[in-house]
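Okay, structure first, notes after.
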Amino acid sequence: MDISPLAAASRSQGSAADTAANKATLDYDTFLTLLVEQMKNQDPTDPMDSTEQIAQLATFSQVEQTIQTNKHLEELLQSSSLSQAGSLIGRTITSNDETVSGTIEEVQVYSDGLVAVLEDGTKVVVGPGVSIR
């Protein structure tokens, strides 16, 4: 079984996820830097209330946890797509309008779904209404 298209798709999706994670980390680091600078440069006659500081730190913690959760969900979805793609090879697919039918030779994985490539080179989007046997 040739899974090289799947591996290539995995690598391309991984690099997109890595870019998003790096951007989130940059934003995270920027937020920390701004928070530290804000604390260092407070007006001594009107310092930030400790309750305000705790609220900012709590918000920051929530943002960080959300970023991590999203990263893990993206990895889970990618893994699920790859598993589904591998199980489709060799099966018969019929398009939702029943105009295209054939044996799946290759599956291309994209961030928004799967595309089955048939033995004759025809491509069918794997989605609602398609029949797979």
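Each residue of the sequence shown is one higher than the last, beginning at 330 in the working numbering. Here a beta-carbon is modelled for each residue, glycine too, at the ideal position from N, C-alpha and C.
Measure from the C-beta of residue i to each C-beta in chain B and report whether the shortest distance is under 8 Å.
{"i": "T374", "result": "In the structure shown, chain B cannot be found, because there is only a single protein chain."}
Classify residue i as buried or exposed, calling it buried when 16 or more other Cβ atoms lie within 10 Å of its own Cβ.
{"i": "A387", "result": "exposed"}
{"i": "L443", "result": "buried"}
{"i": "L411", "result": "buried"}
{"i": "E381", "result": "exposed"}
{"i": "E366", "result": "exposed"}
Does the beta-carbon distance from residue i to residue j come in below 8 Å?
{"i": "L417", "j": "T432", "result": "no"}
{"i": "I396", "j": "Y357", "result": "yes"}
{"i": "R462", "j": "T428", "result": "no"}
{"i": "S390", "j": "T423", "result": "no"}
What is the rounded straight-line gap between the Cα of residue i and the Cα of residue j?
{"i": "Y439", "j": "V454", "result": "11 Å"}
{"i": "S339", "j": "S409", "result": "Because S339 sits at a pLDDT of 48, beneath the cut-off of 50, its placement in the model cannot be relied upon, and the following sentence gives the value as read from the coordinates. Rounded to the nearest angstrom, the two C-alpha atoms are 11 Å apart."}
Candidates the options: which alpha carbon is nearest residue i's?
{"i": "L364", "options": "P376, Q385 and D372", "result": "Q385"}
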